[in-house]
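Notes follow the structure.
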Amino acid sequence: MQRVLSNEVKSHVGKSALVTGWLHKKRLLGGLTFINIRDRGGLIQVLIEDKKEVEKLRGLQIGTVLSAEGDVIKEGRAPGGVEMHNPKLTILVPVEHESPIEIDKPLDHKSENLNTLLDNRVVGLRNIKETAIFKIQDRVLEGARRYFYQNGFTEMKTPKLLAKPTEGGAEVFTMDYFGKTASLAQSAQFYKQIMVGVFERVFEMGGTYRAEPSSTTRHMTEYVTIDCEMGFITFDELREFAHGLLKSVVDFVWSECPDELKLWNAEKPVLSDKAASITMAEVHELYEKATKDIVQDKKDLTPAEEKWICEYAKENLGTEAVFVTEWPSSSMKFYHRKTEGNEEMCDRSDFLFRGLEIMTAPMRENRYDILIKQMKEQGLDEKEEGYQAYLSAFKYGLPPHGGFGLGLERLTQKIVGLNNIKEATLFPRDINRLAP
RNA sequence: GGGCUCGUAGUGAAGCGGUUAUCACGUCUCCCUGUCACGGAGAAGAUCGCCGGUUCGAUCCCGGUCGAGCCCGCCA
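Residues in the first sequence are numbered consecutively from 11, following the numbering used here.
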């Protein structure tokens with residue numbers, strides 16, 4: 011008999027069916043035994059009355075792989091309205107080891123116990139509520155992909171093994187590469203820009219590696235960026251496009267994952283039709299006025315300011331996502347573009363969503379000679395081998411362009427409403443964690 | 001890299017200078033015909049993170065160490 015998925019069983023009412031999956035839960039009530047079988051479609055309840063069949067489950071733990079062939083009955087008392095009766099059970103993989111954590115009840119997400127959650131990830135991810143996070147993440151990726159395709163983008167995959175750190179710095183992982191030193195990509199920056207010369211609009215979703223010794227609720231050493239770069243656009247158009255991406259992804263996820271979002275009591279974000287922007291100076295001023303806190307370093311935003319300005323935007327601008335613009339050019343990357351008519355500033359924006367920076371969206375300097383000048387100003391040697399391929403893209407013509415990197419796990423975290431980015435990561439990597 | 005906090009059965013918690021180290025979930029045995037966080041009775045399960053010190057006596061107080069979490073810096 012052919013296997014039927016748990017969510018398709020309802021179309022077999024009155025007939026017999028075969029379901030195969032994992033033993034998710036058993037409840038023995040004497041003459042009646044209920045079990046739940048989990049497969050990729052969800053859960054199905056099976057009622058076992060035959061003592062011989064019940065006895066097959068003795069000593070077997072949650073996680074046992076089994077199949078049940080029986081009659082599909084319409085039953086209002088069963089979850090989902092259908093259940094299987096008179097099953098013949100076949101144990102495919104007996105499991106006798108007790109699960110280290112429970113998988114049929116919501117798992118503890120308190121920060122103090124995060125370590126247990128992550129140490130037992132292999133089994134814990136089978137918990138329906140944990141699975142929901144990553145189903146949502148899957149839809150985030152798909153929603154983003156659709157938005158890019160609708161807007162004329164081409165998906166690409168750029169190398170993550172690099173000869174030279176793309177943006178310099180100590181936060182780069184290095185390794186032996188057949189006698190040479192290779193580094194892991196800490197961004198797709200150079201390749202994204204190079205590919206503007208090929209496709210105009212490109213995107214990539216892939217791993218990014220940073221050897222930062224950060225220990226916070228929002229940092230990991232390996233994470234996924236939804237990266238894009240687009241040519242022939244203005245700074246305003248870039249922010250509008252990025253805002254549109256967030257809106258589009260949110261709408262898509264809420265239409266695809268209502269059940270999963272409900273498990274987490276996730277509230278749909280309120281997002282304005284058009285992108286909302288506030289200058290950094292305005293943020294500092296509003297924040298200091300409202301909280302009486304003095305911001306020491308005015309060249310950046312503190313986490314407290316990021317949280318506060320998002321609350322402000324929600325109340326006053328009708329949106330939970332806001333761009334912060336007018337960043338000082340004194341702390342910009344060499345490939346960023348200075349603001350025309352105001353060289354003290356650069357065309358950079360950070361996109362804050364529910365109190366967290368989820369992307370940086372700047373324009374790039376596309377004029378070859380000015381780019382070289384900016385490299386020199388930052389003490390970089392444009393003649394170095396690692397820059398040659400990158401610079402030749404400019405030498406042979408790149409239009410005005412800009413792009414951004416959106417942190418997948420940060421976005422998932424904020425959509426679901428999780429406290430720590432690692433809760434939104436299957437197998438997180440941080441300064442202390444390299445396994446599982 | 002800096003600061004603060006926390007380590008007690010498989011999991012989550014309580015506790016106290018002298019206890020048989022307490023509770024809930026899970027596990028095991030028995031009972032239970034509509035459970036869905038099933039219910040009831042019983043049982044097993046803990047070198048109280050590790051090392052050292054103070055003390056007649058340390059899980060508890062002190063020091064170190066290892067591990068973890070949170071905040072800051074930096075960032076997505």
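Every residue, glycine too, gets a C-beta built ideally from N, C-alpha and C. The structure presented is a predicted model; accordingly, all values stated were derived computationally and were not measured.
Supposed close pair residue i, residue j - CB separation, criterion 8 angstroms
i      : j      : result
HIS253 : ALA285 : 4 angstroms
ARG364 : MET342 : So it is not a contact: roughly 26 angstroms between Cβ atoms.
LEU255 : TYR157 : 5 angstroms
VAL150 : THR435 : That belief does not hold up - the Cβ atoms of VAL150 and THR435 are roughly 13 angstroms apart, past 8 angstroms.
LYS202 : ASP237 : 6 angstroms
GLU315 : ALA323 : With 8 angstroms as the limit, GLU315 and ALA323 do not qualify as a contact, their Cβ atoms being about 12 angstroms apart.
Between the CA atoms of residue j and residue i - distance to the nearest angstrom
i      : j      : result
ILE54  : GLU18  : 10 angstroms
PRO410 : ARG439 : 36 angstroms
ILE288 : LEU444 : 39 angstroms
LEU281 : ILE143 : 21 angstroms
SER5   : LEU124 : The structure shown does not extend to residue 5, since the chain is modelled only from 11 through 446, so no value can be given for it.
PHE361 : THR370 : 6 angstroms
THR164 : ARG155 : 10 angstroms
ARG347 : THR30  : 57 angstroms
TYR378 : PHE344 : 12 angstroms
TYR297 : THR184 : 40 angstroms
GLU353 : GLU336 : 11 angstroms
PRO338 : GLU140 : 41 angstroms
GLY153 : VAL64  : 44 angstroms
GLY113 : ALA221 : Reading off the sequence, residue 113 comes out as Ile, not Gly. Each residue's alpha carbon lies about 33 angstroms from the other.
PRO372 : HIS119 : 35 angstroms
GLU325 : GLY427 : 19 angstroms
VAL259 : PRO446 : 30 angstroms
Cβ pair residue i, residue j closer than 8 angstroms
i      : j      : result
GLY351 : ILE243 : no
ILE146 : CYS320 : no
ALA195 : ALA173 : no
SER340 : LYS309 : yes
ILE45  : LYS61  : no
GLY51  : SER16  : yes
GLY86  : LYS98  : no
THR231 : ILE368 : no
THR126 : VAL103 : no
VAL133 : ILE111 : yes
THR375 : LEU381 : Sequence inspection shows Glu at residue 375; the Thr mentioned does not correspond to that position. Yes, the pair counts as a contact, with Cβ atoms nearer than the cut-off.
VAL92  : ILE101 : no
LEU33  : MET11  : no
VAL212 : MET166 : yes
Top-ranked residue by Cα proximity to residue i, from the options
i      : options                           : result
ILE72  : GLY241, PRO97, TYR400 and ARG37   : ARG37
LEU171 : TYR219, LEU127 and VAL132         : TYR219
VAL105 : GLY69, GLY91 and THR126           : GLY69
LEU248 : ARG420, PHE414 and THR74          : PHE414
THR10  : ASN430, TYR397, THR168 and GLN12  : The requested residue 10 is not part of the displayed model; the chain covers only 11 to 446.
LEU135 : VAL260, HIS22 and ARG48           : ARG48
LYS272 : GLU336, VAL75, LYS432 and ILE425  : ILE425
MET205 : GLY241, HIS229, TYR159 and LEU390 : GLY241
GLU214 : ALA221, GLN199 and ILE58          : GLN199
GLY407 : THR168, GLU210 and GLY91          : GLU210
VAL208 : LEU421, ILE83 and ALA403          : ALA403
ASN137 : THR349, LYS115, PHE158 and ARG420 : LYS115
MET94  : ASP118, GLU108 and ILE58          : ILE58
PRO313 : VAL293, GLY328 and LEU327         : VAL293
GLY216 : GLN384, PRO169 and GLY189         : PRO169
LEU464 : ASN96, SER26, SER21 and VAL14     : The question about residue 464 has no answer, for the chain in this structure spans 11 to 446.
Cβ-based burial, residue i [other Cβ within 10 Å; buried from 16]
i      : result
ILE447 : The structure shown does not extend to residue 447, since the chain is modelled only from 11 through 446, so no value can be given for it.
ASP246 : exposed
LYS393 : exposed
PRO89  : exposed
GLY417 : buried
ARG420 : buried
Check: residue i C-beta below 7 angstroms from any heavy atom of the ligand SAM
i      : result
PRO116 : Ligands displayed in this structure: none; no statement on the ligand SAM is therefore possible.
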